[in-house]
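Have a look at the structure below, then the notes.
Encoded structure:
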């Protein structure tokens with residue numbers, strides 16, 4: 019009859035399991051083979067991306083599904099240089115959202131006003147600093163010699179409420195709020211913007227949109243607003259002024 023183990027024996031076995039033979043133990047690699055393998059996989063993926071994009075032509079560019087591709091900066095920029103600016107401006111807004119993180123500054127400048135004004139900026143997957151750099155290029159407030167007006171003056175008045183809301187955190191650095199027109203101001207949700215923006219960004223926005231020193235009473239934006247919204251704006255501006263002189 020098999021001998022039953024006592025509680026003390028079972029506890030000892032649990033605490034001190036039998037040793038495994040050395041040959042049964044998994045060995046840790048002493049070399050960098052895993053790291054090298056990952057690097058090789060990464061390089062292979064980038065090469066595959068370039069190879070895949072080489073098959074894209076000017077004719078199928080506008081309908082091509084880039085979501086199926088492995089993209090890299092080199093492969094995307096090689097493609098754009100090959101197709102040229104004319105065909106570049108046929109890229110759909112869905113594909114632009116996928117490709118734009120890989121654009122060079124030159125290719126950002128290739129975007130037409132129509133492409134920019136129809137673009138869904140909420141779909142762009144970029145870090146904050148890179149997003150800011152992109153916005154500064156697309157809405158440059160300084161005009162080129164060949165332009166009648168700046169990119170900011172051409173594009174910002176055409177933006178929708180949703181686009182303005184998405185871009186709001188990036189407008190303060192170059193005071194792009196000064197290019198927003200009266201109709202756009204009337205459709206803005208200032209309570210939502212107050213919650214979205216940092217205090218300094220919110221202050222810049224208010225004083226850019228409602229610069230009462232430069233506007234006569236009969237042309238004052240605040241007077242053209244709904245009474246409740248006008249009161250809210252005035253209270254916000256006065257609160258900022260009081261805070262400045264009581265700090």
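Residue numbers (my numbering): 19 to 265.
C-beta atoms are modelled at their ideal positions from N, C-alpha and C, and glycine is treated no differently.
On a predicted model such as this, the values are computed, not experimentally measured, just so you know.
TODO: Look at residue 223 and residue 190 and say whether their C-beta atoms are less than 8 Å apart.
DONE: Residue 223 sits at position 205 when you count from the first residue of the chain shown. Residue 190 sits at position 172 when you count from the first residue of the chain shown. In contact: residue 223 and residue 190 (Cβ atoms closer than 8 Å).
Open item on the list: So for residue 95, helix, strand or coil by DSSP?
Closed with: Counting from 1 along the chain shown, the entry for residue 95 is found at position 77. Note: residue 95 maps to helix in three-state DSSP.
TODO: For residue 85, count neighbouring C-beta atoms within 10 Å of its own C-beta (all shown protein chains included) and say buried if the count is 16 or more, exposed if not.
DONE: Position 67 of the chain shown holds residue 85. Result: exposed.
Task: Boundaries (first-last residue) of the alpha helix (DSSP H) holding residue 112 - done: Taking the chain shown and counting its residues from 1, one reaches residue 112 at position 94. Run containing residue 112: 111-117, per the alpha helix (DSSP H) assignment.
TODO: Identify the continuous alpha helix (DSSP H) that holds residue 142 and give its terminal residues.
DONE: Position 124 of the chain shown, counted from the start, is the residue given in the question as residue 142. No alpha helix (DSSP H) holds residue 142; DSSP gives it neither H nor E.
Task: Rounded separation between residue 143 and residue 176 - CA only - done: By 1-based counting over the chain shown, the position of residue 143 is 125. By 1-based counting over the chain shown, the position of residue 176 is 158. Those two C-alpha atoms are separated by around 23 Å.
Task: Under the three-state DSSP convention, the category residue 87 falls into - done: Here residue 87 corresponds to residue number 69 of the chain shown, with the count starting at 1. Three-state DSSP puts residue 87 in coil, outside helix and strand.
Task: Cβ-Cβ separation, residue 79 to residue 109 (assumed contact under 8 Å), whole Å - done: For the purposes of this step, residue 109 is taken as residue 91 along the chain shown, with counting starting at 1. For the purposes of this step, residue 79 is taken as residue 61 along the chain shown, with counting starting at 1. At roughly 7 Å, the Cβ-Cβ gap stays under 8 Å, so residue 109 and residue 79 are in contact.
- [ ] Run the CB neighbour count on residue 3, radius 10 Å, all protein chains shown included, and call it buried at 16 or more, exposed below.
- [x] Because the chain in this structure spans residues 19 to 265, residue 3 falls outside the shown range and cannot be described.
- [ ] Can you tell me the Cβ-Cβ gap for residue 114 and residue 137, rounded? I've got them flagged as a contact below 8 Å.
- [x] Along the chain shown, read from residue 1 onward, the residue named residue 114 stands at position 96. Along the chain shown, read from residue 1 onward, the residue named residue 137 stands at position 119. Right, their Cβ atoms sit about 6 Å apart.
Task: 6 Å CB neighbourhood of residue 159 in its chain, flanking five on each side removed - done: Looking up residue 159 in the chain shown gives position 141. Correct list, in chain order: 168, 170 and 192.
Task: Exposed unless 16 or more other CB atoms sit within 10 angstroms - verdict on residue 263 - done: Taking the first residue of the chain shown as 1, we reach residue 263 at position 245. Counting Cβ neighbours within 10 Å, residue 263 comes out exposed, since fewer than 16 surround it.
Task: Test item: CB-CB of residue 128 and residue 157 under 8 Å - done: In the chain shown, residue 128 corresponds to position 110, counting from 1. In the chain shown, residue 157 corresponds to position 139, counting from 1. Result no, Cβ atoms of residue 128 and residue 157 do not sit closer than 8 Å.
Open item on the list: By the DSSP assignment, the alpha helix (DSSP H) with residue 218 in it spans what residues?
Closed with: Numbered from 1 along the chain shown, position 200 holds the residue referred to as residue 218. Where residue 218 is concerned, the enclosing alpha helix (DSSP H) stretches over 217-227.
Task: is_contact[residue 190, chain B] using C-beta, thresh 8 Å - done: Note that chain B does not occur in the displayed structure, where there is just one protein chain.
Open item on the list: For residue 125 and residue 215, I'd like the C-alpha separation in whole angstroms.
Closed with: As a first step, residue 125 must be located in the chain shown, where it is residue number 107. As a first step, residue 215 must be located in the chain shown, where it is residue number 197. Cα-Cα distance, rounded: 29 Å.
TODO: Kindly indicate the opening and closing residues of the alpha helix (DSSP H) around residue 171.
DONE: Sequence index remark: in the chain shown, residue 171 carries index 153 (1-based). From DSSP, the alpha helix (DSSP H) with residue 171 extends over 169-173.
Open item on the list: What residue range does the alpha helix (DSSP H) around residue 166 cover?
Closed with: Taking the chain shown and counting its residues from 1, one reaches residue 166 at position 148. It is not in any alpha helix (DSSP H) - residue 166 carries neither H nor E in the DSSP assignment.
- [ ] Would you kindly work out how many angstroms separate the C-alpha atoms of residue 145 and residue 119, rounded to a whole number?
- [x] Translated into the one-based positions of the chain shown, residue 145 becomes position 127. Translated into the one-based positions of the chain shown, residue 119 becomes position 101. Taking the straight line joining both Cα atoms gives about 10 Å.
Open item on the list: Buried or exposed for residue 173, going by 16 or more other Cβ atoms inside 10 Å?
Closed with: Residue mapping note: residue 173 aligns to position 155 of the chain shown, counting from 1. Per the 10 Å Cβ criterion, buried.
Open item on the list: Here's the rule: buried if 16 or more other CB atoms are within 10 angstroms of the residue's CB, otherwise exposed. What is residue 202?
Closed with: The residue you call residue 202 lines up with position 184 of the chain shown. The residue is buried, with at least 16 neighbouring Cβ atoms inside 10 Å.
TODO: For the alpha helix (DSSP H) holding residue 262, just list the boundary residues, first then last.
DONE: Within the chain shown, numbered from 1, the residue matching residue 262 stands at position 244. Element bounds for residue 262: 245-264.
Task: Limits of the unbroken alpha helix (DSSP H) element including residue 132 - done: As a first step, residue 132 is located in the chain shown; it is residue number 114 there, counting from the start. Per DSSP, residue 132 belongs to the alpha helix (DSSP H) from 131-136.
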